[in-house]
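Take a look at the structure below.
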Amino acid sequence: MVTDDTPNPKTAAQVTTLLRERYTAPEFAFLPQVRSRTGYGGPIRTADAMAMGLYPSRGLELHGFEIKVSRSDWLRELKEPDKAEEIVRHCDRWWIAVSDEKIVAPGELPPTWGLLVPRRGKLTVKVEAPALPAAPMSRPFLAAILRNVADGMKDMV
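According to the working numbering, the sequence shown holds residues 547 to 703 in order.
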C-alpha cells in the first residue's frame, strides 16, 4: 500500500521504474537509455528514457526524459543546456524526472522543460512540459531507437 510517507526513490534506476509505471503499454512504448544515433564519429548523447504515445486519439507524442537524483548532477546539467538538444529537437515534450523535488530550485527549470516529482510512490507533474516543435526524426536517431527496441526484444526470447 502506498502512503503519504512512501520514501522517495534514491537511484536513477528507481526513477526509471517510476517512469515505466507512469508510461505503460498499451498507451505508451517506453524505452530507457535512448542514444542520439548509432555508430561512431562524434559525440553521442543519451536520453535517460523516452516514451512514445501510441493512441492517435490522445496524440502520438514523443516524450523525452532526463533523470536526476542529486542537486549537483542537476547543476551540471544547467551548465550545459545544449547537451540535450540533439535529442530534445525530436521530442514533442521534454521532462526532468527527479528523485526529490528539492533538486530543482524555484526559477531553475528551463522554460521548455517539464518537471516530474515523486509523490506517494508515483511520479506526478509539478510543471507541465510545454509542446515543442518536434523536428522529423533523422535516420541515425530512428536507428538508435530501433536498436533499443531490438535489444529489449532479445530479453523476451
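Virtual Cβ for every residue (Gly too), placed ideally from N, Cα, C.
Here Pro578 carries a strand assignment [DSSP, helix/strand/coil]. Beta-bridge annotation (DSSP): Phe611 is paired with Ala595, Trp641. Residue environment analysis places Pro627 among the exposed positions, since fewer than 16 neighbouring C-beta atoms fall within 10 angstroms of its C-beta. Taking a cut-off of 8 Å for Cβ pairs, the region 680–692 and the region 577–590 touch, as three or more such pairs fall below it. By the Cβ criterion, the region 647–663 is not in contact with the region 689–701, since fewer than three pairs of Cβ atoms, one from each stretch, lie closer than 8 Å.
According to DSSP, Trp659 shares a beta bridge with Trp640.
Trp620 sits away from Ile590, with the two beta carbons spaced by 8 Å or more. Of the other Cβ atoms in all chains shown, fewer than 16 fall within 10 Å of the Cβ of Lys668; this residue is therefore exposed.
About 6 Å separates the beta carbon of Phe574 from that of Leu600, a gap short enough to meet the 8 Å contact definition. When rounded, the separation of the alpha-carbon atoms in Met699 and Ser616 is 32 Å.
Here the alpha carbon of Asn694 sits roughly 8 Å from the alpha carbon of Pro578. Taking a C-beta distance under 8 Å as the contact criterion, Ala680 and Cys637 qualify as a contact pair.
Note on Thr562: 16 or more other CB atoms within 10 angstroms of its CB, so buried under the neighbour-count rule.
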